[in-house]
Amino acid sequence: MGKLTIGCFSSLVGSMTLDFAVKLAEAARKKGHDVDMWLSGNGTMLSKKGQRSFKDYSSLEKTITDLVAGGANVTACEACAEARGFHKEDLISGFGRKSMDWYLASCFSADRVLHIGGE
Amino acid sequence: MGKLTIGCFSSLVGSMTLDFAVKLAEAARKKGHDVDMWLSGNGTMLSKKGQRSFKDYSSLEKTITDLVAGGANVTACEACAEARGFHKEDLISGFGRKSMDWYLASCFSADRVLHIGGE
Amino acid sequence: MSIKKMAFIVDKMPYKSETSRLALTHAIASQTVEIHLEDGENVEPVLAFIGAGVLNCLKNQKASEVYGVTTLESHIQNALLTDIKVLICEEDVKKYGLTEDQIIMDAEELGADITSELVPFSTIMSEMESSDHILFF
Amino acid sequence: MSIKKMAFIVDKMPYKSETSRLALTHAIASQTVEIHLEDGENVEPVLAFIGAGVLNCLKNQKASEVYGVTTLESHIQNALLTDIKVLICEEDVKKYGLTEDQIIMDAEELGADITSELVPFSTIMSEMESSDHILFF
Amino acid sequence: MKVGVFLSEHVKSNDTLDRLRAGSFDVVLVQNGVYCAAIKENGQASPVLGKATKVYALSEDLVSRGLEPSQVDEKVSVVNYDGLVDLIFNEFGKTIWL
Amino acid sequence: MKVGVFLSEHVKSNDTLDRLRAGSFDVVLVQNGVYCAAIKENGQASPVLGKATKVYALSEDLVSRGLEPSQVDEKVSVVNYDGLVDLIFNEFGKTIWL
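The following block contains the structure:
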């Protein structure tokens, strides 16, 4: 078993990139791998609690809360979140909020890194 | 003098598209035109109050509050905002929150429409 | 009686962002726009898929089962159900090697009376030219 | 003593989204990563601009005056100031008709000791190959 | 009145731009589209510049990116936000944002 | 071990893909990249398929878009999320998301 760090920098409700990242994390956890997930840039939106569930959007809050409860680390970039008006009290329970060096440290100890950049 | 409706569907803190839309709205107001601005999709983020100002991001809250005080209508898509966890109490004061038909009605009475779609 | 025609043109692919989805939901919002307008005023939407946007029109999308998100397919069927004119560029459908039976042409099982139309780009061009406003998604 | 080398590769243009900006800020975060690591462990970043990403390196960016947002120019200078290796693909600079004097090569006025380097793509390729992880922005 | 076609990305071609009726539109380069106005690729000016009789580029977006208005192709007219508002109301009947 | 190159968009070419050392990487088509696996353009399979010895496509993203695994080019192996995790750990030493 190894450790996979997924960096997700891409937006957001309406983009399927976060869905991809979450599904991959789920599949890796099921196989017994450790998973760290870093949310930066527009990806930090995933960490915002209180997103209302509409059929038009995949609603990831429950899936990712379960993922965290099952042992995955999900951490949002503090500066990126603040710039978007998401404060500490907006964070989904169980999520981390750290500065960018957390991601580098997570990559340091990861066997594999999937850095999802782009827009 | 005419009426310009700007629809801004594109993200967000970190994207320059909202900056473009706000600057264009300012320039149009200075020339005496009426301006309606519709924020939909990821563009609704502009309507979120409490965005912390960092040098790395253009901070539009003050500019756009001034714009609204000066008579521009800025309205965010209600469903798009809710899906992102932005509720009524998160709305910058003076902004509207409406359903999508508001935008079509605004286009109806506009002399010019600049619909900024894309990602 | 004053009708403004608005062209909703989709040239982006589905599922990368919500762009094409918002084209559909905004076009369908023309059904309720009257509450904001005076008597006799209305908006007439026309919805057209061009370029890579025609990939929104592929049948049998399973995004709902896989990702729990409404498919573009069901949005397009809703548009037909609310009698919105849906045009699909036939040159682009052909360019991608697709045939009419792979494309969403009707919403009969939902009870829609109209079907989508495969038309040459020139027809879509004319619709843009005769529209009051063009919204490119 | 355990050092992990990480390649931060920028192939996106500046100012469309914050992608290239986040490459810079994350690379610079390697300065403080030690607080999360054991003694003797560290991260060695290398930052490379390729393809359209070299447009991040144009001098005299005025985005701060116009839009009130930090320029990519000042981020690149900060990277040099913190002794991060900055590589710029010389084939791509040439492809865009740019010359070395149009490109951010140093941050002398800030007191940086190192300069950025115009190198062939093959050098950047080697850096990717010798890195433990590749982060493409 | 013409259609004002806004191009916000640095692309070599765009299917829609290629299919619009010649003479029916002008092109406005904004955001990363302004690179088309000033950056040659392998010595060639952007093919986008040949698509319309009139091509405009937004000065604020040029200088933000380190491009001087003096560097733009002679085919391109540089306008600022003020000028853009006038174009929208006086020259363009409709707009398209590609 | 090879580099796993993830392609998430339906593009005809990508500069980086063209410049990576042949044989050093496999391609994984995800999100809108899966159109490259199943959609021909003017009768031609996507040039992207010729760039690597092994090309994978994510089944969940194929069916979401109305594409059947049976429709994909014979060059492409279809994997699901489970299979993707195994590829990442067992076949790829590093990954690049283009």
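Chains as they are written, first to last, in our numbering: chain X, 17 to 135; chain V, 17 to 135; chain S, 19 to 155; chain A, 19 to 155; chain C, 23 to 120; chain R, 23 to 120. Quick reminder that beta carbons are idealized off the backbone N, C-alpha and C, glycines included.
The contact set of V/S115 on chain A, defined by CB atoms closer than 9 Å, is empty, because the minimum CB distance reaches about 28 Å.
Between S/I68 and S/I142, the C-beta gap is smaller than 8 Å, which places the two residues in contact.
Rounded to the nearest whole angstrom, the CA to CA distance from R/I118 to X/K39 is 18 Å. One alpha carbon belongs to C/T75, the other to C/N102, and they sit about 19 Å apart.
Contact annotation, C/V56 with C/A79: C-beta distance approximately 5 Å; criterion of less than 8 Å satisfied. Beyond the five residues adjoining it in sequence on each side, V/M116 comes within less than 8 Å, by CB distance, of S56, C93, A95 in the same chain, given in chain order.
The three-state reading of DSSP puts V/Y73 in coil, since its state is none of H, G, I, E or B.
S/A66 has S/I27, S/L105 as its beta-bridge partners, per DSSP. With its beta carbon at least 8 Å from every one in chain A, C/N102 lies outside the interface.
Within the same chain, Cβ atoms closer than 6 Å to the Cβ of A/S48 are found at V61, P63, the five residues on either side in sequence being excluded. For X/K71, the closest of S/V87, S/T117, S/Q120 by C-alpha to C-alpha distance is S/V87. With respect to chain C, the C-beta atom of A/P32 has a partner C-beta closer than 8 Å. V/F36: member of the alpha helix (DSSP H) spanning 33-46, first to last residue.
Residue nearest to R/S35 within the set R/E90, R/D104, R/G88, R/C58 is R/C58 (criterion: CA-CA distance). In the DSSP assignment, R/W119 is bridged to R/F28.
Listed along the chain, the chain C residues whose CB falls inside 8 Å of the CB of S/G69 are D37, T38. By the Cβ rule, the stretch 44-55 of chain V counts as touching the stretch 75-95 of chain V, because three or more pairs are nearer than 8 Å.
Among the CB atoms of chain A, none fall inside 8 Å of the CB of X/A44. S/T43 counts as buried, since at least 16 other C-beta atoms from the protein chains shown sit within 10 angstroms of its C-beta. Taking a Cβ-Cβ cut-off of 7 Å, the neighbours of A/Q79 in chain C comprise S86, R87, G88, given in sequence order. Taking a cut-off of 8 Å for Cβ pairs, the stretch 36-53 of chain R and the stretch 45-53 of chain C do not touch, as fewer than three such pairs fall below it. Annotation: S/Y33 is outside any beta strand (DSSP E) and is labelled neither H nor E by DSSP. Shown here, V/G57 sits in a helix according to DSSP, grouped into three states. With respect to the 8 Å criterion, R/V77 and S/K80 are not classified as neighbours on the basis of their beta carbons. Taking C-beta atoms as the reference points, X/R128 and X/G23 fail to come closer than 8 Å. For S/S148, the secondary structure class from DSSP, reduced to helix, strand or coil, is helix.
Sixteen is the threshold: when 16 or more other Cβ atoms of the shown chains lie within 10 Å of the Cβ of A/E145, as they do, the residue is buried.
For the pair A/T50 and A/L98, the CB atoms are not nearer than the 8 Å cut-off. Secondary structure note for V/I132: it is in no alpha helix (DSSP H), and the uninterrupted beta strand (DSSP E) holding it is 128-132. Within chain A, the residues placing a beta-carbon under 8 Å from that of V/S75 are G86, ordered along the chain. Segment contact: the stretch 95-114 of chain V against the stretch 63-70 of chain V, three or more CB-CB distances shorter than 8 Å; contact assigned.
In this chain, the beta strand (DSSP E) harbouring C/A79 covers 77-80. Membership of X/D106 in any beta strand (DSSP E) is not indicated, and neither H nor E is assigned to it by DSSP. DSSP places A/N96 inside the alpha helix (DSSP H), whose first and last residues are 90-99. Secondary structure at R/E63: strand, using DSSP grouped into helix, strand and coil. The beta-carbon separation of A/L73 and A/M123, rounded to 15 Å, does not stay under the 8 Å limit for a contact.
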